[in-house]
C-alpha cells in the first residue's frame, strides 16, 4: 500500500478517539479531503522544483506509536538549552511527557494543544485561531490539520512578558522502525506582550523519522515574538516545517532558523501583515555536509503600508549536500512605503555540493524600496592566505571565515546561551576550537 | 505652469500608436487553419526540398502533443491557432533589381517608419533584409557582402541555395520539440533571415532586418539562423513594428545563433510591435524563442529594447558550451497601459571558465505588468564559471507591477555568482533637483529614465541607439511622476 493511501485510510482509526460533534472535526475532515485530492507535492509543483519527497514517501512509517516510550532525563538533558528557568513542552514520539516538561497556567498558558482542542474553556480561542492562517489548499499543511491533535499551545495575555523562554522539543525514541510525526503548535501573543520560543526536533536513534509540523503564530498589536528553530538532527531524520505568522500593527516577529543537520529539511515560512508599521525578520544559517538537503521557502506578504521586512539567509555546503532558497516578497498595491530586503549568500566548499536559489520579488506598489541579492561563491583564497601568513592554521582560518560569514545572523540572536550553543555546534562541525566566542 | 502628473498621464493614454497604418498591397493569403495540408502547401509554395517538408511535418507531429505553456506571469486569451492564416505574401511576388521597382506604397510604409531604404543605403551603410508579412522583398548590399563570402539572405532562399548549411544547423540550438511555440514555428515558418559568416571574416557592416506584420489575421512566424564560423564577427540588428489592429496577432519567431570557436555574434533587437490601445484592446502576442550556442572562446551578446507588444514572452539565452566562452544579455523592457512582459534570459554554463553578464532594466507604467525571469545554471563540469546579474525595475504610477523571478542553480564549487535586484520609483528629490536647475519635470524624467537605461542603450549599435532612445521617449512620454 502506498504511504498516501495509508495516511488516508488510517484516518478512520484516528477518528475513533475523537469527538465527532466538534467543529474541529469538520476542519479535520475537510483537510483530509484536500490532501486526498492533492497528494504529496512533486517536483512538478513550482514551489517544490528543487526538493523531492519521493525518497521519503517511498518508505512506510508508523503513524501511531504502539508503545509509550520513556526516556531518562540524563539521556536528553544535553538537548535542553537550560536545565531550569525555561518553560518546557516536551513530546516523545508525539506523546506529551509530563515528567520532562515544565508547563504553566500562571498568568500565561504554556500547555498542550490536545488540552486546548478538547477543553471547553479554550473553545473560543480555538474557534478564533485554530487553522485560520494555515492555507487550506496546501497539501502537507492539510495533512497535518487532518491529524491535528497534539503539540504545544502558548497563549500570552495582554501587556505581559513571558519571563522565561519556552522550549518546545519533540523527541523520537526509536521504538518504532520508522515514524511519521505531525505535531501542531499554536502560539497567540496578545497586545503589547513578548515571548521567546525555541523549537527543536531530535531523534535519539537512527531509525528514520519524518516530522510534518505546522505552527500558527498570531502576533497582536505591539507584540514581539522571537522564535528560534534549531534543526540539528541525525542524518536519518527529516523535517517539513510549516510556519504561518500573522502580524497586527506595530508588531515585530522574528524567526531564526538554524539548519545544521538532517536528511531532508523543508522550511515553509510565511508572514502575513494585517496592520501598518510591522517589522518582520527572517534569518537563517545553514551548514550542511554529507548528502543532506535543506530547502528554505519563505514568503513575506506586504499587504499594508509602512511595513518593513528583512531576510538574511546564509548557507555553507560541503560534500554532496544541497541547499535551496526560495524567497518570495509580495507587495500589494496598497502597501506603499514598504521596505523589503532579501539576502541569500552561499558558499560551496566541495565540488559536488549544489545550491539552487530563487529570490523573487512581486511588486504592485510604486513607492517602495525593495531589493534582493544573491551570491554563490567560495572562501576567499586571498583572505585565507592572509590569515595563514599571520600564523593561523588553515583549518582555524577557514572556521574563522565561516564564523564571520554567518555572524550577521548570529549576532541578532537574543538569547546568550542559545548563541553560545550554536557557536559550539558550528565549531564542532568545523572540527576546531577557536578558544573564544563570538 | 507646471505640468502635472495627471496631465502627463492623460496625454500618454491618448497617445495613439504612431506606426499604426496599413499598407494596401494585394496579398496572397492562405485560408485560415492549421493542418498537415497547410504545412505541405507552405513548403510547396516555397519550393522547398523534401527533407525540409519532412522536417516541418515532424515538428508538427511534436507540436500536436504539446500544450500551451502557462507558467509565465502573463494573462491573456489564448490565440486560436485554427483561426490564423499561416501564409501571407505580397501577391506579385516582387523580386526587385533596384528600389525603383518597389511598390511605391511599400516604400511609403518604410518612410513612415522612418527608414528610407535609399537613405540607409547611402548613409548608414546598413544592409537591410526587409520582411513584410513573411516574404523577404528586398535585400540590399548583397554584393558587398558576397565579396567577403558572407551569405545574407532570406531563409527560403538559403534553403534553395545553401541547403547543406541550413540542413546542418537548423534546429540544432532550438530543436523543433523545444517548446510549444518553437514547435509551431518549425512547422509553419514562412520566412526569416539567414546569415553565414565564413572563417576569419569580420562582417564590415551591421546586418539588419525589419519585420512588420501587415495583413490582418496572419501570424508571423519567422525563423532566423545566424552562423558565425571560426574567428568571425557579426553584428546583427532586428527591428519590428506592426500596424494597429484590434484583434490580437500572434508572433512566434525562432532565432538560432551559432558562434563557432573564437567567433563573436552581437544580436540587437528593437521590438515595437503594436501594444494595443489604452484600454488594452488589440496588440501583438510576442512569443519568441531565441537561443545561442557558444563554442570555445566565442561570445554571444544579446541586446534588446522591448517597448511594444501586448504580451511578450521572450528569453534570449546562451548555451556556454565551449570553454572560455562568454554570454551577455542587456535588456530594457518598457511596458505601458495594459501591456504585459515576461522576459529575461537563460545562461547555461557548461564549459570551463565561462562568463556571463545579465543587465536587465524594467520600466513599468500605466496598468502594465513587467516581469524579469532568468536562469543562471552552472553545471558540475563548468569550473570557474562566473556570472553577474543585475535587474533593476522602475515603477511609474500605482497601477503597475514589477516582478523578478531569478533562478540560480550552482553545481560547481568554483562558481561565482552574484545577483542583485532593486525596485524603486523615480525619487521626488531627483526631480526636484532637476527642477531647481531649470529642467522641467518631463525633461527631468526623460533624463532620469535615460540614465537608468544607459548601461543597456550603450550596448546598442549607433544606428539603433538613436531609434531606441526615440522609442523610449514615445513609450514613456508623460507617464511618470
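Chains as they are written, first to last, in this note's numbering: chain E, 1 to 438; chain W, 439 to 919. Glycine included, C-beta positions come from ideal geometry on N, C-alpha and C. Here the structure is a predicted model, which means the values were calculated and not measured.
Indicate whether at least one CB of chain E lies closer than 8 angstroms to the CB of residue 688 (chain W).
Position 250 of the second chain, counted from the first residue, corresponds to residue 688 (chain W). No, because no Cβ of chain E sits closer than 8 angstroms to the Cβ of residue 688 (chain W).
Neighbourhood of residue 428 (chain E) by C-beta, 7 angstroms cutoff - its chain only, sequence neighbours within 5 removed:
Translated into the one-based positions of the first chain, residue 428 (chain E) becomes position 428. Closer than 7 angstroms at the Cβ level, and outside the excluded window around residue 428 (chain E), lies no residue.
Return yes when the Cβ of residue 506 (chain W) is within less than 8 angstroms of the Cβ of residue 618 (chain W), no when it is not.
On the second chain, position 180 is the one that residue 618 (chain W) refers to. On the second chain, position 68 is the one that residue 506 (chain W) refers to. It is a contact, given that the beta carbons lie within the stated cut-off.
Kindly say whether residue 660 (chain W), judged by its beta-carbon, lies nearer than 8 angstroms to any beta-carbon of chain E.
Along the second chain, one-based indexing puts residue 660 (chain W) at 222. With 8 angstroms as the cut-off, residue 660 (chain W) does not count as an interface residue toward chain E.
For residue 506 (chain W), decide whether its Cβ has a neighbour in chain E, counting only Cβ atoms nearer than 8 angstroms.
Within the second chain, residue 506 (chain W) is the residue found at index 68, counting from 1. Chain E places no beta carbon closer than 8 angstroms to that of residue 506 (chain W), leaving this residue out of the contacts.
Between residue 311 (chain E) and residue 290 (chain E), is the Cβ-Cβ spacing less than 8 angstroms?
For the purposes of this step, residue 311 (chain E) is identified with residue 311 of the first chain, where counting begins at 1. For the purposes of this step, residue 290 (chain E) is identified with residue 290 of the first chain, where counting begins at 1. No, the Cβ-Cβ distance between residue 311 (chain E) and residue 290 (chain E) is not below 8 angstroms.
Cα separation between residue 558 (chain W) and residue 896 (chain W)?
Your numbering for residue 558 (chain W) matches position 120 in the second chain. Your numbering for residue 896 (chain W) matches position 458 in the second chain. Here the model assigns residue 558 (chain W) a pLDDT of 42, short of 50, so the residue's position is not dependable, and the following value carries that caveat. Answer to the nearest angstrom: the Cα atoms are 21 angstroms apart.
With distances taken between CB atoms, is the gap from residue 256 (chain E) to residue 224 (chain E) smaller than 8 angstroms?
For the purposes of this step, residue 256 (chain E) is taken as residue 256 along the first chain, with counting starting at 1. For the purposes of this step, residue 224 (chain E) is taken as residue 224 along the first chain, with counting starting at 1. No, the pair does not count as a contact, with Cβ atoms beyond the cut-off.
Cβ closer than 9 angstroms: which chain E residues qualify as neighbours of residue 858 (chain W)?
By one-based count along the second chain, residue 858 (chain W) stands at place 420. Simply 371, 372, 373, 374 and 375.
Secondary structure, beta strand (DSSP E): runs of 3+ residues fully inside the region 62-124 of chain E:
Those beta strand (DSSP E) runs which fall completely within the region 62-124 of chain E and span 3+ residues are 87-92 and 109-112.
Cα-Cα, which of E:319, E:169, E:352 and E:211 is closest to residue 100 (chain E)?
Taking the first residue of the first chain as position 1, residue 100 (chain E) is located at position 100. The candidate whose alpha carbon is nearest that of residue 100 (chain E) is E:169.
If contacts are defined as beta-carbon pairs under 8 angstroms, then residue 69 (chain E) and residue 212 (chain E) qualify, I think. What distance do you get, rounded to the angstrom?
As a working note, residue 69 (chain E) is residue 69 in the first chain. As a working note, residue 212 (chain E) is residue 212 in the first chain. Actually they are not in contact, since the Cβ atoms of residue 69 (chain E) and residue 212 (chain E) sit about 20 angstroms apart, beyond 8 angstroms.
Quick check on the burial criterion: 16 or more other C-beta atoms within 10 angstroms. Buried or exposed for residue 711 (chain W)?
The residue you call residue 711 (chain W) lines up with position 273 of the second chain. Residue 711 (chain W) is classed as buried because its beta carbon has at least 16 other beta carbons within 10 Å across all chains shown.
When you check each C-beta in the region 344-365 of chain E against every C-beta of chain W, which residues fall closer than 8 angstroms?
346, 348, 349, 350, 351, 352, 353, 354, 355, 356, 357, 358, 359, 360, 361, 362, 363, 364 and 365
Contacting residues, own chain, Cβ-Cβ under 6 angstroms from residue 486 (chain W) (five flanking each side not counted):
For this step, residue 486 (chain W) is matched to residue 48 along the second chain. Taken in chain order, the residues that qualify are 597.
Report the three-state DSSP secondary structure of residue 558 (chain W) (helix, strand or coil).
Counted from its first residue, the second chain places residue 558 (chain W) at position 120. Confidence at residue 558 (chain W) is low in this model, with a pLDDT of 42, below 50, so the placement of that residue should be treated as unreliable; the coordinate-derived value is given next. Correct three-state label for residue 558 (chain W): helix.
Taking beta-carbon pairs under 9 angstroms, can you tell me which members of the region 471-488 of chain W lie near chain E?
Listed by position, the residues of the region 471-488 of chain W near chain E (Cβ gap below 9 angstroms) amount to none.
For my contact list, residue 182 (chain E) and residue 226 (chain E) are in at a C-beta cut-off of 8 angstroms; report their separation, rounded to the angstrom.
As a working note, residue 182 (chain E) is residue 182 in the first chain. As a working note, residue 226 (chain E) is residue 226 in the first chain. Contact doesn't hold; Cβ gap of about 25 angstroms is too wide.
Within a Cβ cutoff of 8 angstroms, which residues of the same chain sit near residue 535 (chain W), ignoring the five residues on either side of it in sequence?
As a first step, residue 535 (chain W) is located in the second chain; it is residue number 97 there, counting from the start. Bear in mind that the predicted position of residue 535 (chain W) carries a pLDDT of just 46, short of 50, making it unreliable; the figure below should be weighed with that in mind. Apart from the 5 residues on each side of it in sequence, residue 535 (chain W) has no Cβ closer than 8 angstroms to any other Cβ in its chain.
From W:521, W:593, W:582 and W:509, residue whose alpha carbon lies closest to that of residue 469 (chain W)
If you number the second chain from 1, residue 469 (chain W) lands on position 31. The residue with the shortest Cα to Cα distance from residue 469 (chain W) is W:521.
Measure the beta-carbon distance from residue 498 (chain W) to residue 628 (chain W) and round it to whole angstroms, keeping in mind my assumption that it falls under 8 angstroms.
Taking the first residue of the second chain as 1, we reach residue 498 (chain W) at position 60. Taking the first residue of the second chain as 1, we reach residue 628 (chain W) at position 190. Going by Cβ atoms, the distance from residue 498 (chain W) to residue 628 (chain W) rounds to 14 angstroms, so no, they are not a contact pair.
Residue closest to residue 772 (chain W), alpha-carbon to alpha-carbon, out of W:713, W:899 and W:634
Taking the first residue of the second chain as position 1, residue 772 (chain W) is located at position 334. The option with the nearest alpha carbon to residue 772 (chain W) is W:713.
Where does residue 127 (chain E) fall in DSSP's three states?
As a first step, residue 127 (chain E) is located in the first chain; it is residue number 127 there, counting from the start. Looking at residue 127 (chain E) - three-state DSSP - the assignment turns out to be helix.
For residue 784 (chain W), report the span of its beta strand (DSSP E) as first-last.
On the second chain, position 346 is the one that residue 784 (chain W) refers to. Residue 784 (chain W) -> beta strand (DSSP E) spans 784-787.
Name, going along the chain, the residues of the region 835-850 of chain W whose beta-carbon falls closer than 9 angstroms to a beta-carbon of chain E.
835, 836, 837, 838, 839, 840, 841, 842, 843, 844, 845, 846, 847, 848, 849 and 850
Determine, using beta carbons only, whether residue 241 (chain E) and residue 266 (chain E) come nearer to each other than 8 angstroms.
Numbered from its first residue, the first chain carries residue 241 (chain E) at position 241. Numbered from its first residue, the first chain carries residue 266 (chain E) at position 266. It is a contact, given that the beta carbons lie within the stated cut-off.
Per-residue burial, residue 516 (chain W) [other beta carbons within 10 Å of its own, 16 or more giving buried]:
Here residue 516 (chain W) is taken as the residue at index 78 of the second chain, counted from 1. Exposed, because fewer than 16 other Cβ atoms sit within 10 Å of the Cβ of residue 516 (chain W).
Give the straight-line distance between the Cα atoms of residue 420 (chain E) and residue 723 (chain W), rounded to the nearest whole angstrom.
Mapped onto the first chain, residue 420 (chain E) falls at position 420. Mapped onto the second chain, residue 723 (chain W) falls at position 285. If you take the alpha carbons of residue 420 (chain E) and residue 723 (chain W), they lie about 58 angstroms apart.
Beta carbon of residue 347 (chain E) nearer than 8 angstroms to that of residue 338 (chain E)
Within the first chain, residue 347 (chain E) is the residue found at index 347, counting from 1. Within the first chain, residue 338 (chain E) is the residue found at index 338, counting from 1. No, the Cβ-Cβ distance between residue 347 (chain E) and residue 338 (chain E) is not below 8 angstroms.
Would you please verify whether the beta carbon of residue 333 (chain E) is less than 8 angstroms from any beta carbon of chain W?
On the first chain, position 333 is the one that residue 333 (chain E) refers to. Cβ-Cβ to chain W under 8 angstroms: yes for residue 333 (chain E).
Do residue 219 (chain E) and residue 243 (chain E) have their C-beta atoms closer together than 8 angstroms?
As a position in the first chain, residue 219 (chain E) is number 219, starting the count at 1. As a position in the first chain, residue 243 (chain E) is number 243, starting the count at 1. Not in contact: residue 219 (chain E) and residue 243 (chain E) (Cβ atoms no closer than 8 angstroms).
Distance, Cα to Cα, residue 729 (chain W) vs residue 611 (chain W)?
Stepping through the second chain from its first residue, residue 729 (chain W) is reached at position 291. Stepping through the second chain from its first residue, residue 611 (chain W) is reached at position 173. Approximately 7 angstroms between the Cα atoms of the pair.
Opposite residue 672 (chain W) in the DSSP bridges: which residues?
Counting from one through the second chain, the residue named residue 672 (chain W) turns up at place 234. W:703.
Pull up the CB-CB distance for residue 415 (chain E) and residue 165 (chain E), whole angstroms please, since I reckon it's below 8 angstroms.
For the purposes of this step, residue 415 (chain E) is taken as residue 415 along the first chain, with counting starting at 1. For the purposes of this step, residue 165 (chain E) is taken as residue 165 along the first chain, with counting starting at 1. Yes, residue 415 (chain E) and residue 165 (chain E) are in contact; Cβ-Cβ is about 6 angstroms, under 8 angstroms.
Kindly identify the DSSP beta-bridge partner or partners of residue 239 (chain E).
Indexing the first chain from 1 puts residue 239 (chain E) at position 239. In the DSSP output, where bridge partners are listed per residue, residue 239 (chain E) has E:211 and E:265.
If you drop the 5 nearest sequence neighbours on each side, which residues of the same chain put their C-beta closer than 7 angstroms to that of residue 504 (chain W)?
Taking the second chain and counting its residues from 1, one reaches residue 504 (chain W) at position 66. Closer than 7 angstroms at Cβ, skipping near neighbours: 618 and 621.
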